[in-house]
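Counting in numbering that gives the first Met the number 0, the sequence shown runs from 0 upward without gaps.
Virtual Cβ for every residue (Gly too), placed ideally from N, Cα, C.
Report on the structure given below.
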Amino acid sequence: MRFFIVIFLLAAALTDCDAWGKYTDENGFKFFDAHLQTQFINALKKEGIPFRLREDGTVLYSPKDDARVSKARASMLDESFVPSVHYEDQNFEKRFIEKLNSEEIKFGIELREGKRWITWSKQDDQRVEKIFKSQ
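Okay, here's the thing in structure tokens:
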């Protein structure tokens, strides 16, 4: 029996498959935010980058397209990044909001997966960092 397992693993290695018969010569990426994932897939289609989707939604693509996929992914992250913070303790959140207001920093409250996230613009990020350091 051990002999057959060794033969199976050896055959899988020689055919670029893993032990379950799936090809291993693909790279993959998945945004856990459903909206970003949809935008990512649309960006790949727009750029004409071939890919396929795994059952869990992970985008699989050829390693030869890695630079193009990385560029599309980085562009999306730059466009979608919004600095934010979440506090489990409502008192910490309240104090942080008071400090934002006292510094006249515009902010928003975003709900993600049932949790409140305080967001602000990239332009105010350094000013907000000073608030974090003062806490």
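Over what stretch of residues does the alpha helix (DSSP H) that includes Phe95 continue unbroken? By 1-based counting over the sequence shown, the position of residue 95 is 96. From DSSP, the alpha helix (DSSP H) with Phe95 extends over Gln89 to Ser101.
Does DSSP put Arg53 in a helix, in a strand, or in coil? Walking along the sequence shown from the start, residue 53 turns up at place 54. Three-state DSSP puts Arg53 in coil, outside helix and strand.
Under a Cβ-count criterion, where at least 16 other Cβ atoms within 10 Å of its own Cβ denotes burial, should Ala33 be classed as buried or exposed? As a position in the sequence shown, residue 33 is number 34, starting the count at 1. Per the 10 Å Cβ criterion, exposed.
Which residue or residues does DSSP assign as beta-bridge partners of Ser120? Within the sequence shown, numbered from 1, the residue matching residue 120 stands at position 121. Answer is none; Ser120 lacks a bridge partner.
Per DSSP, Lys114 is paired with what? Translated into the one-based positions of the sequence shown, residue 114 becomes position 115. BP columns for Lys114 point to Arg111.
What separation, rounded to the nearest whole angstrom, lies between the Cα atoms of Asp77 and Lys45? Here residue 77 is taken as the residue at index 78 of the sequence shown, counted from 1. Here residue 45 is taken as the residue at index 46 of the sequence shown, counted from 1. If you take the alpha carbons of Asp77 and Lys45, they lie about 18 Å apart.
For Ser61, the three-state DSSP class (helix, strand or coil): As a working note, residue 61 is residue 62 in the sequence shown. The answer is coil: DSSP assigns Ser61 none of H, G, I, E or B.
When you compare only the Cα positions, how much space is there between Gln89 and Trp116? The count along the sequence shown starts at 1 and reaches residue 89 at position 90. The count along the sequence shown starts at 1 and reaches residue 116 at position 117. So the alpha carbons of these two residues sit roughly 12 Å apart.
So for Val84, helix, strand or coil by DSSP? Taking the first residue of the sequence shown as 1, we reach residue 84 at position 85. It is a strand residue.
Beta carbon of Leu43 nearer than 8 Å to that of Met75: Counting from one through the sequence shown, the residue named residue 43 turns up at place 44. Counting from one through the sequence shown, the residue named residue 75 turns up at place 76. Contact flag unset, no.
Are the stretch 49–58 and the stretch 80–88 touching by the rule of at least three beta carbon pairs closer than 8 Å? no
Excluding five sequence neighbours on each side, which residues of the same chain lie with their C-beta closer than 7 Å to the C-beta of Ile104? Locating residue 104 in the sequence shown gives position 105, counting from the first residue. Around Ile104: Trp119, Asp123, Arg126 and Val127.
Express the C-alpha separation of Ile96 and Glu112 in angstroms, rounding to a whole number. By one-based count along the sequence shown, residue 112 stands at place 113. By one-based count along the sequence shown, residue 96 stands at place 97. For Glu112 and Ile96, the distance between alpha carbons rounds to 21 Å.
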